[in-house]
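Position 384, counted from 1, in the sequence shown is what full-length UniProt numbering calls 384; the numbers after and before it change by one each time, with no gaps.
Backbone N, C-alpha and C fix where the C-beta goes; we use that ideal spot for every residue, glycine too.
Here the structure is a predicted model, which means the values were calculated and not measured.
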Amino acid sequence: MDQSYTRMTREILRGRRAGKRRYITGFDGIRTLAVLGVIIYHLAPSTLQGGYLGVPIFFVVSGYLITYLLIQEWDTTHSINILSFYGRRLKRLYPALVTMLLGTTAYITLFQQSLLVNIRKTVLTNLIYGYNWFEIGHGQSYFDRFSGESPFTHLWSLSIEGQFYLVWPLAVLGLLLIFRKRARAVFPLLALAIVSALAMAFLYDPKNPNRVYYGTDTRMFAILVGAAIAFVWPAHRLNANIEPAQRWFLDGVGGASLITLVWMFFTMNGQAALTYKGGMFWFTVLAGILVATVAHPGSDMNRILSNPVFSYVGQRSYGIYLYQFPVMIFYEARVNIGNHPLFHALVEVCLIMVVTELSYRWIENPMRHYQYGQLTNDVRAYLQQPGAHRLASSLGVVAALLFGLTAVGFVQQPAGAKPTALQRTITERQAATKKKNAAAIKKQKALDAASSKRKHEKVAFSKLSKKDQKTAKKYFLTADELENSKQTALTAVGDSVLLDDSGALQEVFPGAIVDGAVGRQANALPGVINGLAQRGQLAKTVLVNIGTNGYVTPDQADQIVHAIGPKREIFWVTAHVPTREWQNSVNTRITKTAKKYANVHVVDWHAAAKGHSDWFINDHVHPNDHGNRYYTSLIAKAIAKENQ
C-alpha cells in the first residue's frame, strides 16, 4: 500500500514536472552541428580550424535547457526537487562516463603504458567533475597535435558542465525567490557572463592558453548566456501563433546566426589572440540567438534543424563526444594515416559511431531510465530465466576485467612523468645548441665579411684535413659540398625534428644558428624569424623545418616567406609524419610555395626517407642518429647545389 502510494506520487510529480513540456527537436540539430564541428576539428584541424567552438554551443544549449526545465518545474510544482535533479543528471551522464574511463584505462594498461602518467588523478578528477582544473596544472595544450595526446583531454568540458549542474538548481531557486519579475534575473546573469568573458581576455597567455581554455570561470559565459535566455524566453511560455512578420524576423535572425556560426567554424583559429579577446564571447552570443529562435514554436528554425539524421546524431552527441578521442588516439597510434588521411578519417568516424551506438543501446539509454531501487528484485528475477547465469557470468567476467585492468593501471602509474629517450636527447641538444649558437654568431660575421672574396673552386678530397675527411664520409658529402657548408652562414628555424638534428647540422654547418622548439607550429614562425632578424641573427641562407605538428595554411606559408624576405635564400624541408593526416597537405603547401617564390627551394626529406624506417625512432617522425646523418646530408647537398 505504502509502496504503491509512493510510486503513484512519483508518477504524479513527474507528470507535473513535465507540464506542457515539448521536446524541441531542433536542439538535436544544434547538437549535431556542435559535435560535427568538434569531430572534424580533431580529425582535420586545418579544414575546420574553428571546430573546437562546438563546445560553447553545447554549453549554451545546456544552460538554456537546464534553466528552462528548472523554471518549468517551479511553475508546475512551486518547488525544485534538487536531489531528484542530481539523480537524473547522474543517471544520464555517469554510466557512459564510467564505462569510458574504465575501458580507456584498461586499454592503455595493456597497449599504451606511456599514457598511464597521472592516471589515478585523471580518473578521480573526472569522477568528481574537477578534471578541467587538473588539466590547467598538469595537462597539455588542447591545440598540441603531436606531443603524446591524452585520450582524456576532451573531458575538461564535461567537468565544467558537472560543476554547473551541482550549483545551478540552487542558483535558479535563489533567482526565482529574489526576482518576482523574472526578466530582471537576466541582468546579474549577463553581468556574470561579461565578467567571465573579460577574465578570459585579461588572463589569456599566448604562450600557454590552458588557464583560460580550461578554466570554469573563463568559460562560464557560454552557459550563463543560455541560462539568461531561458529566463526571458522559456519555451513553454512562447506562443506559436505569431504574425507572419514576426516569423520572418525570427527566421531571418536565426538563419543569419546559423550561417555566421558555420563561417566562424572555418575562420576562428583557436590559437589567435582575437579568439580569447572577445571572439569566443560573440560566437556564444550568436549561438544563444540560434538557440532562442529554435526554441520558439512560432519560428521555422526548429523545423529546419529537425530531420532523422540530426535526431539520431543529436541524441547520441554525448556518447560521440565522449568516445571520440580514445578512438582517434588509439587508432592513429597503430596506423600510418598520412598517405590516406580521408580514408582513415572515415574509418575513425565509423569506429566512433559503432562504439557510441553500443554504449547508447546497452549503457546510456537503459541506465537513464532504470529505477535503481528495483535492482535487487530485477537481478533475482533475471537469474531465474534459462541461460541467464551464463550471460551474467560473461558480463561479470567483462566487468571484472575492466576493473582489474584499471586497478593494474593505477598500480603501474609511474611515480612521475619520466622523460622519454627522445625528450632526454632533445634536452641535451638544446643545451649544446645554445653554446654552439654563440660560436656560430661570431662565425657568421666572419663568413659574411669573407663572402665577397670567396671563390667557388673545386676542392680535392685529398686536400681536406683528416677531420674534414671524416666528416665528409660520415655525412656522405663530396669535398665541394662540405667546403660549401663550412662557408655558408645559415639560420635554421623549426620544430623538434630540427632540434633533434641540431648537433649534426652544426657539425656540417659551423656557421649555423639553430632555433627549434618542441611542438612549434607554423603560426609561431614569423615571430621567431622577426626576433632573429632584430638581433642580427638571420643569415642570407635560411633553413625552414615546420609542419611536424600541424597543417601549414597558404597564409602562414606566405607570412613565413615574407618575414624572411626576398633577398634571402630559403630551403624548406618537407615533413615526414606518416602517423598524421596533415603530412601530404603540408608537403603540397611547401611545393606550391616554392613555385610561387623564386627564392624558396624544396628539400624533399619526405621522399628521401620513404621506405627507410631504420632512419627513425619508434614514433616514425624523429630521425635516430643514423637518420640524422641522411637528413643533414640532404640539406647540405641541396644548399651546395644552389650555390654552384
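Beta-carbon proximity of residue i to residue j, cut-off 7 angstroms
i, j, result
"E581", "I352", "no"
"V552", "A522", "yes"
"L477", "A512", "no"
"R368", "K91", "yes"
"R484", "A640", "The question names Arg, yet the displayed sequence has Asn at residue 484. Against a cut-off of 7 angstroms, the Cβ pair of A640 and N484 comes out as a contact."
"T433", "S496", "no"
"Q413", "L116", "yes"
"F179", "Q271", "no"
"L48", "F265", "yes"
"Q444", "A539", "yes"
"N587", "H606", "yes"
"A287", "I119", "no"
"W615", "I590", "no"
"A227", "L189", "yes"
"I363", "P95", "yes"
"M220", "S196", "yes"
"T406", "T105", "yes"
"L498", "A479", "no"
"Q583", "A575", "yes"
"R50", "M280", "The sequence as given places Gly at residue 50; Arg does not occur at that position. No, the pair does not count as a contact, with Cβ atoms beyond the cut-off."
"I24", "V61", "no"
"A240", "T218", "no"
"L175", "A185", "yes"
Where the alpha helix (DSSP H) through residue i begins and ends
i, result
"W168", "156-178"
"W133", "131-138"
"V354", "341-359"
"T275", "No alpha helix (DSSP H) holds T275; DSSP gives it neither H nor E."
"V60", "54-77"
"L238", "From DSSP, L238 is part of no alpha helix (DSSP H); its letter is neither H nor E."
"I636", "For the sequence presented, residue 636 should be read as Ala rather than Ile. It spans 625-643 - the alpha helix (DSSP H) in which A636 sits, taken as one unbroken run."
"S251", "It should be noted that the sequence gives Asp, not Ser, for residue 251. Note, D251: alpha helix (DSSP H), 244-267."
"N302", "301-304"
"P366", "365-369"
"T105", "82-111"
"I119", "119-127"
"T47", "Premise fails: T47 is in no alpha helix (DSSP H) and is neither H nor E."
"T471", "466-474"
"T284", "280-295"
"N210", "210-214"
"F143", "From DSSP, F143 is part of no alpha helix (DSSP H); its letter is neither H nor E."
"V186", "186-203"
Extent of the continuous beta strand (DSSP E) to which residue i belongs
i, result
"V514", "512-516"
"E332", "Careful: E332 lies outside any beta strand (DSSP E), inside the alpha helix (DSSP H) at 317-334."
"G37", "Run containing G37: none in the beta strand (DSSP E); it sits in the alpha helix (DSSP H), 26-43."
"H601", "600-603"
"V544", "541-545"
Of the residues the options, the one placed nearest residue i, counting alpha carbons only
i, options, result
"T216", "P188, F59, L634", "F59"
"H154", "F179, Q163, E135", "E135"
"N599", "G565, A235, D614, V35", "G565"
"F152", "H78, T125, A400, R429", "T125"
"P234", "Y64, Y142, G516", "Y64"
"D625", "L505, G278, F281", "L505"
"P45", "H601, N549, V561", "N549"
"A439", "E428, E507, T376", "E507"
"E357", "G137, G314, A345, N339", "G314"
"V518", "T425, E569, P554", "T425"
"Q487", "G51, V262, Y276, N643", "N643"
"E149", "V327, I223, G536", "V327"
"G54", "R247, L97, F283", "F283"
"Y214", "P244, D251, S157", "S157"
"A636", "I617, H601, N81", "H601"
"L203", "K277, D448, Q371", "K277"
"V544", "R535, G516, K567, L192", "G516"
"D205", "L274, A292, D448, R334", "L274"
"W248", "A295, S299, N269", "S299"
"A399", "L173, T99, H78, L43", "T99"
"H296", "V335, Y41, V253", "V253"
"V621", "L192, A333, G130", "A333"
"L402", "T109, N302, G26, N365", "T109"
- Please go through the region 549-592 and give each complete alpha helix (DSSP H) segment of 4 or more residues, from N-terminal end onward. 554-564
- Segments of 4+ residues assigned as alpha helix (DSSP H) that fall wholly inside the region 478-532: 479-486, 496-508
- Pair every Cβ in the region 160-176 with every Cβ in the region 74-91, then say whether three or more of these pairs are closer than 8 angstroms. yes
- Would you check if there are 3 or more beta carbon pairs closer than 8 angstroms linking the region 27-42 to the region 309-326? yes
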